[in-house]
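Colleague:
Protein chains in written order, with my numbering: chain A, 433 to 688; chain B, -15 to 278; chain C, 160 to 450.
1. Rounded to whole angstroms, what is the Cα-Cα separation between residue 312 of chain C and residue 280 of chain C?
2. Taking just the CA atoms, how far does residue 271 of chain B sit from residue 209 of chain B?
3. How far does the beta strand (DSSP E) with residue 662 of chain A in it reach, from first residue to last?
4. Give the secondary structure of residue 316 of chain C by DSSP, where H, G and I count as helix, E and B as strand, and everything else as coil.
5. Pick from B:150, B:79, B:118, B:211: whose alpha carbon is nearest that of residue 385 of chain C?
6. So is residue 148 of chain B buried or exposed if we call it buried at 16+ other beta carbons inside 10 Å?
7. Less than 8 angstroms between CB atoms is the rule here; does residue 282 of chain B satisfy it with respect to chain A?
8. Does the beta-carbon of residue 439 of chain C have 16 or more other beta-carbons within 10 angstroms, so that it is buried, or is it exposed?
9. At which residues does the beta strand (DSSP E) containing residue 457 of chain A begin and terminate?
10. Report the neighbours of residue 264 of chain C on chain B: residues whose CB is nearer than 9 angstroms to its CB, in chain order.
11. For the region 49 to 68 of chain B against the region 167 to 180 of chain C, do three or more pairs of beta-carbon atoms, one drawn from each stretch, fall closer than 8 angstroms, so that the two count as touching?
12. Find the nearest neighbour of residue 676 of chain A within the set A:442, A:473, A:456, judged by alpha-carbon distance.
13. Pull out every residue of the region 150 to 164 of chain B whose Cβ sits closer than 8 angstroms to any Cβ of chain A, in chain order.
14. So what does residue 611 of chain A bridge to, in DSSP terms?
15. Take the Cβ of residue 127 of chain B as the centre, count every other Cβ of all protein chains shown within 10 Å, and call the residue buried at 16 or more, exposed below.
16. At the 8 angstroms Cβ level, is residue 421 of chain C part of the contact set with chain B, yes or no?
17. Hey, how far is the Cα of residue -6 of chain B from the Cα of residue 226 of chain B?
18. Going along chain F in order, which residues have a C-beta closer than 8 angstroms to the C-beta of residue 388 of chain C?
19. Quick one: what does DSSP say residue 351 of chain C is sitting in, helix, strand or coil?
20. From residue 649 of chain A to residue 547 of chain A, what does the alpha carbon distance come to, in whole angstroms?
21. For the region 85 to 163 of chain B, list the alpha helix (DSSP H) runs that are entirely contained and at least 4 residues long, ordered along the chain.
22. Kindly confirm or deny that the region 4 to 15 of chain B and the region 240 to 256 of chain B touch, where touching means at least three C-beta pairs closer than 8 angstroms.
23. Find the residues of chain B that neighbour residue 558 of chain A, judging by a C-beta separation of less than 8 angstroms, and give them in chain order.
24. For residue 670 of chain A, would you say it is in contact with chain B, using Cβ-to-Cβ distances shorter than 8 angstroms as the test?
25. Where residue 269 of chain C and residue 545 of chain A are concerned, what is the direct C-alpha to C-alpha distance, given to the nearest angstrom?
26. Could you tell me which chain B residues have their CB closer than 9 angstroms to the CB of residue 514 of chain A, listed as they occur along the chain?
27. Residue 196 of chain C to residue 118 of chain B, Cα distance in whole Å?
28. Report the CB separation of residue 208 of chain C from residue 231 of chain C in whole angstroms; it is logged as a contact under 8 angstroms.
29. Looking only at its chain, what residues have a beta carbon closer than 8 angstroms to the beta carbon of residue 531 of chain A, apart from the 5 residues adjacent to it on each side?
30. Does the separation of the CB atoms of residue 389 of chain C and residue 433 of chain C fall below 8 angstroms?
31. Excluding sequence positions up to five away, which residues of its chain have a Cβ less than 8 angstroms from the Cβ of residue 570 of chain A?
32. For a contact defined as C-beta to C-beta under 9 angstroms, what are the partners of residue 193 of chain C on chain B?
33. Can we say the region 503 to 523 of chain A touches the region 482 to 489 of chain A, given the rule of at least three CB pairs closer than 8 angstroms?
34. Helix, strand or coil, according to DSSP, for residue 364 of chain C in the structure here?
35. Using a C-beta cutoff of 8 angstroms, does residue 277 of chain B count as contacting chain A?
36. Would residue 527 of chain A pass as an interface residue toward chain B - the criterion being a Cβ-Cβ separation below 8 angstroms?
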């Protein structure tokens, strides 16, 4: 995993409007490597829209987005993953009718077994890739506390367990950056703890995160830098303790 | 006894046809209502080539390749359409192909059809008895089943199911949904072509009237009733429905009745589709998923 | 001079076909707009409308044409209601493909039911063939004049119903948003029933006109469904005037097209137009679409 200290993601003057309303307005954000960055703001401030823009689900009306120096705005979502950018969703999107393990095994990029022609000619390589991936998946599931559920269908997991699975799945892809959309929303305190531990452990191993969070306790504990959005505009950036005291931020949250 | 052999042969051929549609409908979520077009392409290609004197192996290979190629060419524009628009566009393609076959008499002899298609001649063995043909089509059916099972159980198949269940989530994990769908469509088309080749050399006479909406509905019913997205589903469906359809020949009825039997059977098929959609859209054999007692 | 009147005659034929397709398309787009699915069995409403007239004109009823029309339309309306009640209402909430397949099954059932009762042969109403009247070098028969007149009548009736009545307002509300309409206290049941009756009656009228001008067969619904769908797409889903325009366009395109291509492909014209339109729409990039 690359340990770059330069900007991993650069968002420059990005605007996206729906109908007459600007969901994201002339936003400029720079995400450094080796950091866990947070994105906060009142409801409707454009956080998820920004994630959608970064991951290719939406195309910006203007501005650019760069990932490791390469322009990615307007490219298709599957390109992002292949470049090393993975995201999770606010409402967990695990594949319900596949097992936990299968969900995990979907994530690694560039699997030889996913190429139709390779199935006939490179079977041994596919087999060894599969068993390697299985091992890694089981290790991650162990860290997440989901080992005993590995062959359960994902729809049988509790909501919190599904969100942990989503995180594990993202990690399986060995991404250069993970975008987490409200990872702790709607899950019980024990699992929140597990989630935080997981994020911090991965941070130690060099994993970079960009996290949308509403829970300020989590933000303070986990994030090293925070950006604040309000009505689609960036209104503050800095360390969590600093922005907590920023009057503009306080007003944004109180004013809604 | 002959009747049973005939039944088994038709079941084997339709099992291949249904398994091929199942890859598209069941495992990728693509509702291809024009699937019969590739059946027809396989049949006509092999028929024309063998009638022109080429050996069966050439006819077979050409049928497979042409069916797959046409599948590829059709899928590129068609897959830009969502859901039921895709269904209707593919339906249209099937109908247009039938019109072409009907009109281009210089190539296909049009409505008069192609009679006298030779029985297959493989490695010196001529398959012109019923048991021999059963061995041939049954063998191909088993091979088809094995190949498709292998594909579905592979990482490729896993990614395909992910694309089917949640395209956005699959894309976010790096799966190029468009490419996966095209590949699935081509696989389906190739094996539909195989079924068509086997059909042409069995009935030895084909015409545009053999490849209509009726056949599409039949194979769709087989897949949907048997249970789409499963291995056994299409096979079970084929056995049940072909048995029902062909069993008419078991009954010896006065001629006035036989005229009515055709539409009556079709009415049952239509009704079955409706009842299935209302009460049990998953079909007889359900896909994995749901609570497991643990 | 002769070739001009030949072309004009072709245009006239195009308009006549267009009127009929417009009626088909308006019925189809109405249901598509209000209930958000393609009624694949709409072609059978067309066909049964024509056959109901045949039924009443033959033994044991033996009614003259004008007397038989009303019961034929009424029965087709009932058929439409029955279709909704027995098949589409139970699966109202299912996904679009389930509805499409159920409609296909219904279509097969109804088509073969007609074949069961009347056989697969092509039939006519057995009316006297009258000589065409000549206008400005064009020939037009009485049934063909009826096509134009009746279509105008239907369009006017639909206009009044849809835009000048409360029922029409309800239907338009449902077209916009079914759930919102329900919550707003609009009598959705009545509006849906009305939509089916209108759709079925328009189909029946079109089917009867078509059969008067040409003939009847159990298969007549299928190809006309495709054309109606093409017209619906041209005009935009749920858009009645669009359907009218789309129908006319297809009628004209078909008839003018035969001047250049083989008549065996006449039916393909509507199809090809439809495919072109479907492909020309912007490709939907994967987004959070709720469907």
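Every residue, glycine too, gets a C-beta built ideally from N, C-alpha and C.
Modeller: Result, derived from the coordinates:
1. 32 angstroms
2. 12 angstroms
3. 657 to 662
4. helix
5. B:79
6. buried
7. Look at the range of chain B in this structure, -15 to 278, and you will see that residue 282 of chain B is not part of it.
8. exposed
9. 453 to 464
10. 201, 205, 253, 254, 255, 256, 257, 258, 259, 260, 261
11. no
12. A:473
13. 150, 152, 153, 154, 155, 156, 157, 158, 159, 160, 161
14. A:519, A:642
15. exposed
16. yes
17. 7 angstroms
18. Judged by its chain identifiers, the structure shown contains no chain F, and its protein chains are A, B and C.
19. helix
20. 44 angstroms
21. 89 to 92, 114 to 137, 139 to 149, 151 to 156
22. no
23. 138, 139
24. no
25. 47 angstroms
26. 158, 160
27. 43 angstroms
28. 6 angstroms
29. 582, 583, 584, 585, 586
30. yes
31. 533, 579, 582
32. In chain order: nothing, as chain B lies at least about 16 angstroms away.
33. yes
34. helix
35. Per-residue confidence for residue 277 of chain B stands at a pLDDT of 34, beneath the threshold of 50, marking its modelled position as unreliable; no derived number is given.
36. yes
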